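Peer 1: Handing you this structure, nothing more for now.
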Amino acid sequence: MKTNTNIELLHIDNLKTIQKQIFDSLDVLENTRKEYGIRIKHFIHYIQTHGINNNTYLDYKRFLRDVNTLSVSTKNKYLISAKVFLDGLFRLQLLPVKITEGIKGFPQGRLHKKEGLHDEAINKIQNYCSTLEPTCTNLRLKSILALLIFQGLRQVEISRLNITDIDIKNKTAYILGKGQEDKEIIHLHPITVKILKTYLAKLRVKTGTLFRSESNHSYGSRLTTKSIREIVRQVLIHLDIDGSTHGFRHFFVTRLIKHYKGELLTVSKYSRHRSIQMLEVYNDEVIREEDLPKFYHVFNGIDL
């Protein structure tokens, strides 16, 4: 049965006002609030088509389940945003019952679903970058790639960077990590410093966001994580590399583990993993890969 607030809520102006009221009252980081605001549009479109009733949240989950173009991670993000919004409606007494209780998100494995990039792919990227003209666009690309390859930064950390976060003289940067409220300092690889220095000189701007959009409708605004993924994806497609933006972080961490021979506490200082458990996943992959020749040798002399 539909609630008696259905018609009122579906008016677009009411939805925008209520959405702002709900998200503005949340005790979360500003970036998290913005992400909710972006993702809730998907749910808003859904309820404008299907209305709101006591089964809306469950029905929305079933709707997302059948959308093959979205990853499980993205579906869960949409689902969480919808839950926050619906729970807010309940707090505002615009829904008579809390309709999100007892409904779980989509099962999502914690291990890496996509394989990381290997040395061959990095070599391709290195050779490609060496052919690029030193335009502002190309230097922006090289800077992003340097932060992925040599620093292992997450996409959101790259997106949040400001020019004043970069200290070329001391070869450091201040980054705002995932789920963090305070910036932390990282030491930059000399190659990263060299590329960023060239990019900043070309950019000729002293303050503001480090990586800016060049598209017509959002020129000069901060690159979103989606934009960064798309920029990198185009390079991977051009070079016929099967991988993702997150694959660079996998490469970064795996390379550290191999070099430091499984000293995970040392690796965590550079990768900034808050949990050693995830690094153990990387370490297990390294050990398994190194052990494969022994496994193959076990069956020497046997053929079919």
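Here the sequence shown is numbered in the working numbering, starting from 129 and rising by one per residue.
For glycine and all other residues, C-beta sits at the position ideal for the given N, C-alpha and C.
Small disclaimer: the values here were computed from a predicted structure and weren't measured.
1. Report all residues from its chain with a CB closer than 8 Å to the CB of G230; omit the five preceding and five following residues, and keep chain order.
2. Excluding sequence positions up to five away, which residues of its chain have a Cβ less than 6 Å from the Cβ of K241?
3. For A274 and E413, what's the separation of their Cα atoms in angstroms?
4. The beta strand (DSSP E) with T177 in it runs from where to where?
5. Hey, is Y185's beta-carbon within less than 9 Å of any beta-carbon in chain B?
6. Pull up the distance between the alpha-carbon of E158 and that of S403, whole angstroms please.
7. Say the cut is 8 Å; is the CB of R377 nearer than that to a heavy atom of the ligand SAH?
8. I need the DSSP call for R282, collapsed to helix, strand or coil.
9. Using the Cα positions of A329 and T259, report the straight-line distance between them to the nearest angstrom.
10. Using the beta-carbon count (16 or more within 10 Å), is E285 buried or exposed?
11. To which residues of the same chain is H319 closer than 7 Å at the C-beta, ignoring the five residues directly before and after it?
12. On the CB-based measure, 16 or more other CB atoms within 10 Å of its CB, does K211 come out buried or exposed?
13. Please confirm whether Y256 and L367 have their CB atoms less than 9 Å apart.
14. Select from I166, R167 and V225 the residue whose C-alpha is nearest the C-alpha of N183.
15. Candidates F427, E417 and F423: which alpha carbon is nearest H246's?
16. Does the region 306 to 313 come into contact with the region 348 to 358, if we say contact requires no fewer than three beta-carbon pairs (one atom in each stretch) closer than 8 Å?
17. Quick one, are the C-beta atoms of L220 and I180 less than 9 Å apart?
Peer 2: Well, looking at it:
1. Numbered from its first residue, the sequence shown carries residue 230 at position 102. The beta carbon of G230 sits closer than 8 Å to none of the beta carbons in its chain outside the five residues before and after it.
2. Locating residue 241 in the sequence shown gives position 113, where the first residue counts as 1. With a pLDDT of 47 at K241, under the threshold of 50, the modelled position of that residue is not reliable, and the figure given next carries that caveat. Spatial neighbours of K241 in its own chain (CB-CB distance under 6 Å, excluding positions within 5 residues in sequence) are not present.
3. If you number the sequence shown from 1, residue 274 lands on position 146. If you number the sequence shown from 1, residue 413 lands on position 285. It is roughly 24 Å from the alpha-carbon of A274 to the alpha-carbon of E413.
4. In the sequence shown, counting from the first residue as 1, residue 177 sits at position 49. Looking at the DSSP string, T177 is not in any beta strand (DSSP E); the run it does join, the alpha helix (DSSP H), is E158 to H178.
5. In the displayed structure, chain B is absent; only one protein chain is listed.
6. On the sequence shown, residue 158 is found 30 positions in, with the first residue counted as 1. On the sequence shown, residue 403 is found 275 positions in, with the first residue counted as 1. Put simply, the backbone Cα of E158 is about 24 Å away from that of S403.
7. In the structure on display, the ligand SAH does not appear, and there are no ligands present to speak of.
8. What you label residue 282 is simply residue 154 of the sequence shown in a count that begins at 1. Here R282 sits in coil by DSSP.
9. For the purposes of this step, residue 329 is identified with residue 201 of the sequence shown, where counting begins at 1. For the purposes of this step, residue 259 is identified with residue 131 of the sequence shown, where counting begins at 1. If I take the Cα positions, the gap works out to 20 Å.
10. Here residue 285 is taken as the residue at index 157 of the sequence shown, counted from 1. With 16 or more Cβ atoms within 10 Å of its Cβ, E285 is classed as buried.
11. In the sequence shown, residue 319 corresponds to position 191, counting from 1. Note that residue 319 is Ile in the sequence shown here, rather than His. Within the same chain, and ignoring the five residues on either side of I319 in sequence, the residues whose Cβ sits closer than 7 Å to its Cβ are A274 and F278.
12. Taking the first residue of the sequence shown as position 1, residue 211 is located at position 83. A buried status is given to K211, since no fewer than 16 other beta-carbon atoms sit within 10 Å of its beta-carbon.
13. Looking up residue 256 in the sequence shown gives position 128. Looking up residue 367 in the sequence shown gives position 239. Yes, the Cβ-Cβ distance between Y256 and L367 is below 9 Å.
14. In the sequence shown, counting from the first residue as 1, residue 183 sits at position 55. Checking every option, the nearest Cα to that of N183 belongs to V225.
15. For this step, residue 246 is matched to residue 118 along the sequence shown. Out of F427, E417 and F423, E417 has the C-alpha closest to the C-alpha of H246.
16. Taking one beta carbon from each stretch, the region 306 to 313 and the region 348 to 358 have fewer than 3 pairs nearer than 8 Å; the two do not touch.
17. Start at 1 with the first residue of the sequence shown, and residue 220 comes out as number 92. Start at 1 with the first residue of the sequence shown, and residue 180 comes out as number 52. In this structure, L220 keeps its C-beta atom at 9 Å or more from the C-beta atom of I180.
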